[in-house]
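Going down the list, the protein sequences come from chains A, B, C and D.
Heads up: the first sequence is residues 2 to 162, going by our numbering.
Heads up: the second sequence is residues 147 to 413, going by our numbering.
Heads up: the third sequence is residues 86 to 335, going by our numbering.
Heads up: the fourth sequence is residues 20 to 297, going by our numbering.
Below is one structure; the comments refer to it alone.
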Amino acid sequence: MRTTNIRKITISAMLMALLIIFGRVFLIPIPWTHGNVNLCDAAVLLASLLFGKWYGGTVGGFGALLLDLISGYANFAPFSFLAHGLEGFLAGWLYTRTHNRFLALGVGIVVMVAVYVVANGVLYTWVAGILGIGTDLLQGIIGAVVAALVYQPLKRWGNNE
Amino acid sequence: MAQPALTKITTTFKQGATTAIIGHTGSGKSTLMQLIDGLILPTAGSITLGDFTITNETPAKELGKLRRLVGYVFQFPEKQLFAESVLDDVKFGPLNQGLSDEKAQERAQAALEQLNFPLELLKHSPFELSGGQQRRVAIAGVLAMHPEILILDEPTVGLDPEGQAELLTLVRDLQDQGLMILIVTHQMEIVAQLADEVMVLNHGQLAFQGSPQDLFIQSDLLADNHLRLPKAIQLATNLGQRGITWDGLPLTTDQLADQIIQMWRDQ
Amino acid sequence: HRLDPRAKIIACFWFVILVFFAKNFWTYAWLTFILGIAMVMTKISFKMYWNGIKVLIGLITFTVAIQILFSSGGTVYWQWGILAITSGGLKQALVIIMRFVLIINASTVLTLTTESLELATGLEILMKPLQALKVPVNQLTMMMSIALRFVPTLMNEVTTIMNAQRSRGVNFNEGSLIKRIKQLVPIMVPLLVSSFKRADELATAMEARGYNPDQARSQYRVIAWQRQDTQAMVAMLVVTIALGLLRIWL
Amino acid sequence: MSLVEVRNLSFTYPDSDESVLHDLSFEIEANEWVAIIGHNGSGKSTLARLIDGLLSPDQGSIRIDQLPVDNDNLSLIHQKIGFVFQNPDNQFVGATVADDIAFGLENRQISRPVMQDKVQRVLKRVDMVDFANHQPEQLSGGQKQRVAIAGILALAPQLLILDEATSMLDPEGRAEILNLIVELRRESKLSVLSITHDLEEALLADRVILMDKGQIIKVGTPQETVMNQELMASHHLKPVFVRRLLDRLTAAGISAPADVNTSEQLEMWLWKQLDSKI
């Protein structure tokens, strides 16, 4: 009879697990940089679209924190917490309020990119921060496109209160 | 990856026959099936299916062609459903094969019909269906690709008795159509009722290949592989040990009953 | 290796912060020396560390190139318009390379020596003080430990789903970016659906097993702060003081 | 005094207008094994969840050991009932076998030394000591269900509910679990409520409740229910082997004495009959 509250915990946990998987194995090779972008943003944004700001924020923040810690980017962990946490929270909040997917996902990824610019700037140099914009933005856009595509058939499971 | 999942397996599967592949978890059953479907490549050795030969060096393009020959129904296939409607999901495979939308639709409908799927649900989301219906949609998605070899991985697990019986009937229909079928299963009842031939894998090695009758009389082999006889065969075996001679080991309850009745009347 | 995960997490971040205070050659040399000792102590091959850097090599090269070409100061070796290679620029570039290498390797040490489960437990305890701010720390840590528990399960599921789609004629790793993105739909939808189902069943099972999110729980898995952890912290303090001295005097 | 007392229970899921259970009443005595059988959609799983307080009834009442199942008593109810679900993976909470067994103890704030002792003891009981530090991915379905049972035994409940707990296992795993339950009942006063569509499993119970479309069709001994071929067939259940064989023989004019009910009895009888005839 208490399951709704526990369900919040288990759903968030599954979404965090998915974020880690998307971040570690769903890599899309980007032709002109010899690098990959990962799809962890798709998991964050799906959490926001389907379940709103709290899930988006929690899953994004803590999921990204875990992802960084276990993949060897501990130095980025606090920034990722902030970047993806805010991304998920804002995207969820805007989507619930406006039902405009484009706006919600757009603001989400812009905020994420902005935090990473600051992160790279603080950790290394501002040049690195600005250079990172390209790949981060691309990663965010791909994540948003995937989230939007997958959201449609999954809508029925959402509970965007 | 220190230990090979399969070691030096040499075998053939008969065209048009049904082979059951059994063995405990980790015996290499799924690995063998994935090799046959070209989902993984052999480290050494080769597999020949009709005109195709798969080796370590088979290029990805060839594998794509090969997979058209083989239809693979995974365990809990309903977990693979993704499309917005039943019809779209079943059409997915045929469309990937390059068929026109019309042709794909035709095939999808025919496959669903063969599985007794209520056609008024074609436009519904697959996620609204009952578990049994979902499984039929998933199997239809494979049959609509018109494979020449069908792999069924534990097709009855998780279904209720009625669903299981329906599924066995379907497999019999497909057998009648001459389709070559490989069934991966833990259930000896399925082996007894459906298989022409049975293959036992143990730690990646071929422990047995032959007819179900020949397998069921090898009690040591069965014990080594933790295989349990179906009740009818167990009873027949026990009576055999008590001195009753069968006219060929009965494999099903009906066969057992028939033989007992015959013996009774002969006296 | 044997340190408490909390000690490792703290030491790692401490070290990263120290890197910001490094100014001159000697301070960097000192930090490199310390990290080198830590890396040797892990007994992990240097190839693993190189792998960590390799991922970011593009970013590092670009940053360094721009730093060299656009910085000024010191002797000018080469000039073309606003682009110039100067001794000041080279020096700064070297500093940046050192920063990248030190920071990346420090976090690699943390990851390679700590199991994810330990990390989560360490994180959980480090987060405890947040409870005073009404952050539901218990629930958050429960989420994280369940997430880690299900990563391998869901990974297996990804493999199965991808195999099933490949046998239905999908060719992954082929086609344009758009096509690749579209190919993700048949993987992600089943994966998410099954995760939701798992979440539902897990919630019911947890409730049946007496879980109450609002209630305190006792802990079966504990991590103990030992003398060697205190020693590690003292060592970090020594490293910090030495760094300070090097900065002032050299 | 019954352990479980269900009175006039009805239930409808919130997002549906069709009721799943109508006006059910029955009891389960202490130390009894009751099997609920019925095909998919008969409402048997819903009933089990109501008994454990995982759902709230629309009407009627449930008492466990005299205690009404309602929101105030939930944690006591969960203490008295251990629940094994169908999918072994989705009830495994802990990172390792030992962690998972400890989960229920942690929820009850048992102190660590007591927990360690209990975990060791139940690991031994289900024969999984060597697996204490294994992760769920390294276990078979049968082993995972054994871990689930160990986690329940650690809490010493009075009633064990098995909700299709063997339906996703291979025959070996299924036999392992059923043997374990039989042994546990021999050792302690554990009551069992097993929900299944496998009639061979229901034969192990003391009493069987047949359900269809949310109603109780028949309550009786396995002999009166499972062995009644017509009754089983009319509710879409697959008859047990012994019954099918006996029916085939009867149809051919060969009738067995009434006391032949199990595979072993059938074997002895057939042997005597056929051997004497040869």
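Cβ atoms here follow ideal geometry from the backbone N, Cα and C, with glycine treated the same way.
Predicted, not measured: the structure shown is a model, and the values here were computed from it.
In this structure, B:Val-216 and B:Val-283 do not form a Cβ contact; the two beta carbons are roughly 20 Å apart against a cut-off of 8 Å.
The beta carbon of D:Val-148 sits closer than 7 Å to those of Leu-142, all from its chain and outside the five residues before and after it, given in chain order.
Below the 7 Å Cβ cutoff, chain B contributes no neighbours of D:Asp-42, its closest Cβ being approximately 25 Å away. The beta carbon of D:Glu-46 sits closer than 6 Å to the beta carbons of Ser-21 and Glu-24 from its chain, once the five residues preceding and following it are set aside; these are given in chain order. The C-beta of C:Gly-121 comes no closer than 8 Å to any C-beta of chain D. Contact annotation: the segment 115-135 of chain A does not touch the segment 244-264 of chain B, with fewer than three C-beta pairs closer than 8 Å. Taking the beta carbon of A:Pro-154 as reference, the chain B residues within 9 Å of it are Phe-228, Ala-229, Glu-230, Ser-271 and Phe-273, listed in sequence order. CA-to-CA, the gap between D:Asp-225 and D:Pro-241 works out to about 7 Å. When CB distances to chain D are screened at a threshold of 7 Å, the residues of the segment 296-310 of chain B falling below it are Val-303, Gly-304, Asp-306, Pro-307 and Glu-308, in chain order. Where D:Asn-27 is concerned, the enclosing beta strand (DSSP E) starts and stops at 23-31.
One finds Lys-225 in chain B with Cβ atoms closer than 7 Å to the Cβ of C:Ser-279, taken in chain order.
The segment 319-326 of chain C makes no contact with the segment 105-115 of chain D, as fewer than three CB pairs between them are under 8 Å.
Distances from the alpha-carbon of B:Lys-154 to those of B:His-292, B:Ile-336, B:Phe-228 and B:Leu-178 put B:Leu-178 closest.
Of all residues in the segment 370-389 of chain B, only His-372, Leu-373, Arg-374, Pro-376, Lys-377, Ala-378, Gln-380, Leu-381, Asn-384, Leu-385, Arg-388 and Gly-389 come within less than 9 Å of chain D when Cβ atoms are compared, listed by chain position. In chain order, Asp-189 and Pro-190 make up the part of chain D whose C-beta sits under 9 Å from the C-beta of B:Gln-333. Annotated as proximal: A:Val-108 and A:Leu-95, with beta-carbon spacing under 8 Å. In the three-state reduction of the DSSP assignment, D:Val-53 falls in the strand class, which pools E and B. Chain C places no beta carbon closer than 8 Å to that of A:Met-113, leaving this residue out of the contacts. Only Ser-280, Phe-281, Arg-283, Ala-284, Asp-285, Leu-287, Ala-288, Thr-289, Met-291, Glu-292 and Tyr-296 from the segment 280-296 of chain C bring a Cβ to less than 8 Å from some Cβ of chain A.
Against chain B, the beta carbon of D:Trp-290 has neighbours under 9 Å at Asn-384, Leu-385, Arg-388, Gly-389 and Ile-390, listed in chain order.
The criterion of a C-beta distance shorter than 8 Å is not satisfied by D:Gly-192 and D:Val-39.
At a beta-carbon threshold of 9 Å, the residues of chain D lying near C:Ser-230 are Val-112, Gly-113, Ala-114 and Asp-118, ordered along the chain. Counted as a single uninterrupted DSSP element, the alpha helix (DSSP H) harbouring C:Asn-223 occupies residues 222-252. Under the Cβ criterion of 8 Å, B:Ala-403 is counted among the residues facing chain D. For D:Phe-45, the beta-bridge partners assigned by DSSP are D:Val-25. In the DSSP assignment, D:Leu-212 falls outside any alpha helix (DSSP H) and within the unbroken beta strand (DSSP E) covering 210-215. As computed with DSSP, A:Asn-39 is found in a beta bridge with A:Leu-28. The three-state reading of DSSP puts D:Arg-82 in strand, counting E and B together.
In this model, D:Leu-218 and D:Phe-260 are separated by some 9 Å (Cα to Cα). For the segment 149-183 of chain D, the residues whose beta carbon sits under 7 Å from a beta carbon of chain B are, in order, Ser-159. Where A:Tyr-96 is concerned, the enclosing alpha helix (DSSP H) starts and stops at 78-99.
Going by C-alpha positions, A:Leu-16 is about 8 Å away from A:Val-45. Neighbours of B:Thr-171 across chain D, judged by C-beta separation under 7 Å: Ser-159. One thing to note: D:Ser-213 has its Cβ within 8 Å of the Cβ of D:Leu-181.
Counting along the chain, the unbroken beta strand (DSSP E) around D:Lys-237 starts and ends at 234-239. If you draw a straight line from the Cα of B:Thr-331 to the Cα of C:Glu-200, it is about 36 Å long.
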